[in-house]
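In the numbering used here, the protein residues as written are 1 to 398.
Structure below.
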């Protein structure tokens, strides 16, 4: 990546600027071991002194871009250093390299925030931090544009073997916890489960039944005991998507805070756990945390290798089994998801879902299964890009 014109020019410029600032600090009287030593010695603004020290201290030159003061502040730093007796030759080198940086900003970006965004992508640590910062910014905008937000969005997929090794039961839970509307009159949608196979170009809707008995003739698979709001009915139906009646038409913000949970049991025909497989969860609501828990018999977990990923939603449904396109889609999002594998009895908490342990206990009780025999594989990401997919694949160890 550093072979690009921007990477080459920026690396040289930033290294030279860092060295020039270090030369100034080392020429000042006394030991400057921490940021306060800089702003106290020079008599400059605390934040400017802190950034100057960090510019000198940070080893990764691309990360140092976050600490380069604006022009007026940097010139003030040079004047303060001059008053402390720093030679004109040292100051001139620092001024020259700062102006080189300003020219690079004009040439490649046009403004400082854009330049910072570009250069942080040349640093592994910087990319990770920039990704989180910009996902938070996207969350702030999307919570208005979509009119909805949730504290935590979770999908739980419990794979249960049957008498036939080619047929499984899948208990699928989809929950939005701390869901609220930020604008009035915002509709909400329920997306039915879809199954893809390598032999079919289009997904199909498998046979399914609600995990718990629906109330009042409701046709949606609400997991009623874990919902804390009046349950909207179906407004319209089309393919895999049901348009749901408006939720709390007069309640926005925390006054209308909701936990909406759906759960159904699905028949998986022709599915073999030990073959190459994957499952994914679509993130469609702005949220602080998205998580996907895949719960599988421990005996099968020990035979396969899992790979988590976050996939950009540029794929058509028919592209799902094209690994080249999936890799391309993955490359668009600079996100490394969190990944955990634990015995199910130990994976009994989730941030933002206070009753997560109770949910797991109830699912296993309803399915008459022993959680001691199961392992949970968790994929999660803070402030996920929407729309995107949390995805996990597995392959036989052999």
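Beta carbons are placed, not taken as given, at the ideal position from N, Cα and C, and that holds for glycine. Keep in mind it's a predicted model, so treat the numbers as computed, not measured.
When C-beta atoms of the segment 330-340 are compared with those of the segment 160-179, fewer than three pairs fall below 8 Å, so the two segments do not count as touching. Taking one beta carbon from each stretch, the segment 35-51 and the segment 72-88 have 3 or more pairs nearer than 8 Å; the two touch. In terms of CA proximity to residue 59, 18 leads the group 4, 392, 18. Below 8 Å, enough C-beta pairs join the segment 283-299 and the segment 366-374 to call them touching: three or more. Pairing residue 63 with residue 76, the inter-Cα distance amounts to about 23 Å.
Beyond the five residues adjoining it in sequence on each side, residue 355 comes within less than 8 Å, by CB distance, of 226 in the same chain, given in chain order.
Under DSSP, residue 12 shares a beta bridge with no residue.
With fewer than 16 other Cβ atoms from the protein chains shown falling within 10 Å of its own Cβ, residue 34 counts as exposed. In the DSSP assignment, residue 366 falls within the alpha helix (DSSP H) that extends over 356-366.
Exclusion of the five residues before and after residue 86 leaves 24, 27, 28 as the residues of its chain whose Cβ lies within less than 8 Å of its Cβ. Straight through space, the alpha carbons of residue 104 and residue 114 are spaced by roughly 12 Å.
When rounded, the separation of the alpha-carbon atoms in residue 9 and residue 51 is 22 Å. The segment 161-213 contains, as complete beta strand (DSSP E) runs of 3+ residues, the segments 167-181, 188-191, 208-210 (chain order). If you ignore the 5 residues before and after residue 347, its C-beta comes within less than 6 Å of the C-beta of 376, all in its own chain and listed in chain order. By the 16-neighbour rule on beta-carbons within 10 angstroms, residue 98 is buried. Cα atoms of residue 192 and residue 266: separation of roughly 11 Å, rounded to the nearest angstrom. Contact between the segment 125-134 and the segment 263-277 is not established, with fewer than three Cβ pairs separated by less than 8 Å. Out of 96, 49, 326, the CA that lies nearest to the CA of residue 16 is found in 96.
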